[in-house]
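S.K.:
Chains as they are written, first to last, in my numbering: chain A, 210 to 304; chain B, 34 to 340.
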């Protein structure tokens, strides 16, 4: 699935996460997979936790407010990160 | 008709038991938190092999949800733990030492997990009212380290199964197990522990139980630090702190019971407790002191730094 600005992202229910130090640790407890997210990944994750669903465009806007980054670079990194979350079955994406 | 003959306390719980449990503290008959009975076990779901081994035997495990678990040591004895309050022992073995050894290790651990405690394979001591835990691979020197502290008059809290309660506010407390350290003859000699306080254990030749004369902390204390004992390493720093985000996964590898328990909601609970512990308790890697002189130096260092 290609992620577009209108894609709506939502966390799957079978995960648990927490912030430890500067990183976010998370576990998909149905699959038994454990992950660590860096500061930016943790920021995106916190947006997904706070909102039942959120569009990729809204995440992009918040990232541009928070971090000093070129919009095109930001979009590329964001979609690559969301693709990873999708592949690891940590999020669902709908149009 | 009640066949409960013995009353004990261990892990902060009162226990009524049909079998004698050597090394546990006997108490007056009372309302108990859990019972240990002899009996025939109902058929279990298919057995799963485990990595647990003890006295040369490997255990098999089965479960029907988190409240009903079986642990089988083929040709020795089988256990079934139910609801955190009953352990049934099925065996023809009458040797009290062997029965106690197998009952008060992983089998009892099943009840503790059912009760919601967080368990680690390791040893623990109390220093200045603070709980210090040592974990590590088998043979890393956990019991020897605990014995080295005990030999300096430090109170011990457990050897083998470390029991931690994480309260609703996420604060971890260390629960005292029972008064026993099991140590190899080499450590008895190296630490110059008085032989008259030791009994031979059935777990292996050259292994001794230090029970009567060891000082034991009977009250729960706050968990202060966890040390992971690693292989002897002379090139790097002896002590290094594990980054907080690595701690939960590090703690996971010292889960003392069959990995099959950690699935679905049980895995979620375990993960959330390990995160709660990692968020306030520092975890250090300690390269195992190379000899008994170095071990005693570490004991002195920790006693000085925490008192």
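The C-beta atom is built at its ideal place from N, Cα and C for all residues, glycine as well.
Values in this document were obtained by computation on a predicted structure and should not be read as measured data.
Run through DSSP, which three-state label would residue 34 of chain B get?
M.R.: Within the second chain, residue 34 of chain B is the residue found at index 1, counting from 1. Reliability fails at residue 34 of chain B, whose pLDDT of 46 lies under 50, so the model's placement of it is uncertain and no value is given.
S.K.: Measuring CA to CA, which of B/212, B/101 and B/207 is closest to residue 183 of chain B?
M.R.: Numbered from 1 along the second chain, position 150 holds the residue referred to as residue 183 of chain B. Residue B/212 is the option with its Cα nearest to residue 183 of chain B.
S.K.: Would you give the residue range spanned by the alpha helix (DSSP H) that residue 224 of chain B belongs to?
M.R.: Taking the second chain and counting its residues from 1, the one referred to as residue 224 of chain B is at position 191. Residue 224 of chain B -> no alpha helix (DSSP H), and no H or E assigned at all.
S.K.: Under DSSP, the beta strand (DSSP E) around residue 124 of chain B begins and ends at which residues?
M.R.: Along the second chain, one-based indexing puts residue 124 of chain B at 91. It spans 119-124 - the beta strand (DSSP E) in which residue 124 of chain B sits, taken as one unbroken run.
S.K.: Closer than 7 Å by beta-carbon distance: list the chain B residues that pair up with residue 230 of chain A, in chain order.
M.R.: As a position in the first chain, residue 230 of chain A is number 21, starting the count at 1. Residues of chain B passing the Cβ test: 276, 277 and 278.
S.K.: Report yes or no: do the stretch 50-62 of chain B and the stretch 120-139 of chain B share at least 3 C-beta pairs separated by less than 8 Å?
M.R.: Yes: at least three Cβ pairs fall under 8 Å.
S.K.: Please state the DSSP three-state secondary structure of residue 329 of chain B.
M.R.: Residue mapping note: residue 329 of chain B aligns to position 296 of the second chain, counting from 1. Correct three-state label for residue 329 of chain B: helix.
S.K.: Quick one: which chain B residues come within Cβ less than 7 Å of residue 225 of chain A?
M.R.: Here residue 225 of chain A is taken as the residue at index 16 of the first chain, counted from 1. Result: 301, 304 and 305.
S.K.: Rounded to whole angstroms, what is the Cα-Cα separation between residue 265 of chain B and residue 172 of chain B?
M.R.: The residue given as residue 265 of chain B occupies position 232 in the second chain. The residue given as residue 172 of chain B occupies position 139 in the second chain. Approximately 12 Å, taken between the alpha carbons.
S.K.: My assumption, with CB atoms under 8 Å, is that residue 208 of chain B sits in contact with residue 44 of chain B. Please give the rounded CB distance.
M.R.: Mapped onto the second chain, residue 208 of chain B falls at position 175. Mapped onto the second chain, residue 44 of chain B falls at position 11. So it is a contact: roughly 5 Å between Cβ atoms.
S.K.: So, is the C-beta of residue 236 of chain A closer than 9 Å to a C-beta in chain B?
M.R.: On the first chain, residue 236 of chain A is found 27 positions in, with the first residue counted as 1. Output row for residue 236 of chain A: interface = yes.
S.K.: Find the residues of chain B that neighbour residue 243 of chain A, judging by a C-beta separation of less than 9 Å, and give them in chain order.
M.R.: Your numbering for residue 243 of chain A matches position 34 in the first chain. 281, 282, 285 and 304, listed in chain order.
S.K.: Measure the C-alpha to C-alpha separation of residue 34 of chain B and residue 70 of chain B and round it to an integer number of angstroms.
M.R.: Taking the first residue of the second chain as 1, we reach residue 34 of chain B at position 1. Taking the first residue of the second chain as 1, we reach residue 70 of chain B at position 37. Residue confidence for residue 34 of chain B is low, a pLDDT of 46 falling below 50, so the modelled location carries little weight; the figure read from the coordinates is stated next. Approximately 13 Å, taken between the alpha carbons.
S.K.: Using the Cα positions of residue 296 of chain B and residue 226 of chain B, report the straight-line distance between them to the nearest angstrom.
M.R.: For the purposes of this step, residue 296 of chain B is taken as the residue at position 263 of the second chain. For the purposes of this step, residue 226 of chain B is taken as the residue at position 193 of the second chain. Using only the alpha carbons, I get a separation of about 43 Å.
S.K.: Helix, strand or coil, according to DSSP, for residue 105 of chain B in the structure here?
M.R.: On the second chain, residue 105 of chain B is found 72 positions in, with the first residue counted as 1. Of the three classes helix, strand and coil, the one that applies to residue 105 of chain B here is strand, per DSSP.
S.K.: Does the separation of the CB atoms of residue 197 of chain B and residue 166 of chain B fall below 9 Å?
M.R.: Looking up residue 197 of chain B in the second chain gives position 164. Looking up residue 166 of chain B in the second chain gives position 133. In this structure, residue 166 of chain B lies closer than 9 Å to residue 197 of chain B by Cβ.
S.K.: Compare the beta carbon distance of residue 146 of chain B and residue 294 of chain B with 9 Å and say whether it is the shorter of the two.
M.R.: One-based indexing of the second chain puts residue 146 of chain B at position 113. One-based indexing of the second chain puts residue 294 of chain B at position 261. Their beta carbons are under 9 Å apart, which means residue 146 of chain B touches residue 294 of chain B by this criterion.
S.K.: Where DSSP assigns a beta bridge to residue 224 of chain A, which residues make up the other side?
M.R.: Counting from one through the first chain, the residue named residue 224 of chain A turns up at place 15. According to DSSP, residue 224 of chain A bridges with A/237.
S.K.: Go through its chain and collect everything with a Cβ distance to residue 254 of chain B's Cβ below 8 Å, but skip five positions before and after it.
M.R.: Translated into the one-based positions of the second chain, residue 254 of chain B becomes position 221. Correct list, in chain order: 159, 162, 163, 164, 190, 206 and 207.
S.K.: Taking residue 246 of chain B as the reference, which of B/193, B/185 and B/240 has the closest Cα?
M.R.: Working through the second chain from its first residue, we reach residue 246 of chain B at position 213. The candidate whose alpha carbon is nearest that of residue 246 of chain B is B/185.
S.K.: What would DSSP say about residue 313 of chain B, mapped onto helix, strand or coil?
M.R.: Counting from one through the second chain, the residue named residue 313 of chain B turns up at place 280. Correct three-state label for residue 313 of chain B: helix.
S.K.: Assuming residue 205 of chain B is part of the beta strand (DSSP E), what are its boundary residues?
M.R.: As a first step, residue 205 of chain B must be located in the second chain, where it is residue number 172. 205-208 is the span of the beta strand (DSSP E), which, as asked, contains residue 205 of chain B.
S.K.: Check residue 81 of chain B in the structure and name its three-state DSSP category.
M.R.: Within the second chain, the letter at position 48 stands for residue 81 of chain B. Residue 81 of chain B: strand per DSSP, three-state reduction.
S.K.: Could you tell me which chain A residues have their CB closer than 7 Å to the CB of residue 312 of chain B, listed as they occur along the chain?
M.R.: Within the second chain, the letter at position 279 stands for residue 312 of chain B. Near residue 312 of chain B (Cβ distances below 7 Å), the residues of chain A are 229.
S.K.: Where does residue 113 of chain B sit, in a helix, a strand or coil, going by DSSP?
M.R.: The residue given as residue 113 of chain B occupies position 80 in the second chain. Strand at residue 113 of chain B.
S.K.: Counting contacts by CB-CB distance shorter than 9 Å, is residue 216 of chain A in contact with chain B?
M.R.: On the first chain, residue 216 of chain A is found 7 positions in, with the first residue counted as 1. By this cut-off, residue 216 of chain A is not an interface position.
S.K.: Since residue 214 of chain B and residue 180 of chain B are thought to touch, with beta carbons under 8 Å apart, how far apart are those beta carbons, to the nearest angstrom?
M.R.: Within the second chain, residue 214 of chain B is the residue found at index 181, counting from 1. Within the second chain, residue 180 of chain B is the residue found at index 147, counting from 1. Indeed they touch by this definition, with Cβ atoms about 5 Å apart.
S.K.: Below 7 Å on C-beta distance, what does residue 239 of chain A contact in chain B?
M.R.: Numbered from 1 along the first chain, position 30 holds the residue referred to as residue 239 of chain A. Ordered by position in chain B, the residues that pass the 7 Å Cβ test against residue 239 of chain A are 297.
S.K.: Among all the DSSP beta bridges, which residues are the ones paired with residue 197 of chain B?
M.R.: Locating residue 197 of chain B in the second chain gives position 164, counting from the first residue. Answer is B/151 and B/207, bridged to residue 197 of chain B.
S.K.: At which residues does the alpha helix (DSSP H) containing residue 46 of chain B begin and terminate?
M.R.: By 1-based counting over the second chain, the position of residue 46 of chain B is 13. Note, residue 46 of chain B: premise wrong, no alpha helix (DSSP H); beta strand (DSSP E) at 46-50.
S.K.: Closer than 7 Å by beta-carbon distance: list the chain A residues that pair up with residue 308 of chain B, in chain order.
M.R.: Along the second chain, one-based indexing puts residue 308 of chain B at 275. The answer, in chain order, is 227, 229 and 234.
S.K.: Is residue 220 of chain A near the ligand GTP, in the sense that its beta carbon is under 8 Å from a heavy atom of that ligand?
M.R.: Ligands displayed in this structure: none; no statement on the ligand GTP is therefore possible.
S.K.: Considering Cα atoms alone, identify which of B/101, B/329, B/62 and B/305 is closest to residue 202 of chain B.
M.R.: Against the second chain, residue 202 of chain B aligns to sequence position 169. Answer by Cα proximity: B/305.
S.K.: Round the Cβ separation of residue 99 of chain B and residue 299 of chain B to the nearest angstrom and send it over; I've been treating them as touching at under 8 Å.
M.R.: Within the second chain, the letter at position 66 stands for residue 99 of chain B. Within the second chain, the letter at position 266 stands for residue 299 of chain B. Indeed, because the Cβ distance is near 5 Å, the residues count as touching under 8 Å.
S.K.: Using a Cβ-Cβ cutoff of less than 7 Å, which residues in the same chain neighbour residue 326 of chain B once the five nearest sequence positions on both sides are dropped?
M.R.: Against the second chain, residue 326 of chain B aligns to sequence position 293. Cβ neighbours of residue 326 of chain B beyond the five flanking positions: none.
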